[in-house]
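In what follows, a single structure is set out as structure tokens and then discussed.
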Amino acid sequence: MGDEIRRNMALFSIGTVIKLTELTARQIRYYEAHGLVQPARTEGNQRLFSFNDVDRLLIIKSYLEKGLNMAGIKEMLGLEAPVTMDDKMVAPVAKGIRKDMTDRELRQLLKQQIMMSKPGSSTSLISGELSRFFIN
DNA sequence: GTTCTCACA
DNA sequence: TGTGAGTA
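One point on numbering: in the numbering used here, the residue at position 133 of the first sequence is 135, and numbering is uninterrupted.
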């Protein structure tokens, strides 16, 4: 339960998410416009991404690298997409990959960011922000 | 300096 | 998707 709070709590700026996911701000905003992620907003209307959003973005990225298009990604995330015959065979596999790989990939990726970040650099902030998720 | 929206190449 | 304009 507490874990769910953390995943929905941590709020990252789009800049942080860019470094974490290696996606461009354009892409991130584009995916948001398509409902792939629903980041919160600050009073200044700036996006605040939760751990779930970053996770979702990484999933999207992995699908993108597998050659899926927006429509395919939307289906994978269960946003739209009436499940077709072909999807019935692919979807379960994709979901299996998501649970096994993504969690590991995300943790590994974030861990890398923390390990590679140097004090004083712009990434040191990320270390401080993310470190707490590994000190549990 | 960073992010936001919108528009155009 | 990228990039520039004009803001907040």
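We put the beta carbon where it would ideally sit given N, CA and C, even for glycine.
Being a predicted model, the structure only gives us computed values, none of them experimental.
In this structure, the beta-carbon distance from TYR33 to LEU59 falls below 9 angstroms.
In the DSSP assignment, GLY17 falls within the unbroken alpha helix (DSSP H) covering 16-23. By DSSP's assignment, ARG58 forms no beta bridge with any residue. Between LEU25 and LYS63, the beta carbon gap of about 6 angstroms places them in contact (Cβ cut-off 8 angstroms). Inclusion of ARG31 and ALA42 in the CB contact set at 9 angstroms is not warranted, their separation being larger than that value.
DSSP places GLN29 in the uninterrupted alpha helix (DSSP H) bounded by 27-35. For LEU66, the secondary structure class from DSSP, reduced to helix, strand or coil, is helix.
At a Cβ-Cβ threshold of 9 angstroms, ASP55 and GLN40 count as neighbours. Per the DSSP secondary-structure output, PHE51 pairs in a beta bridge with PHE14.
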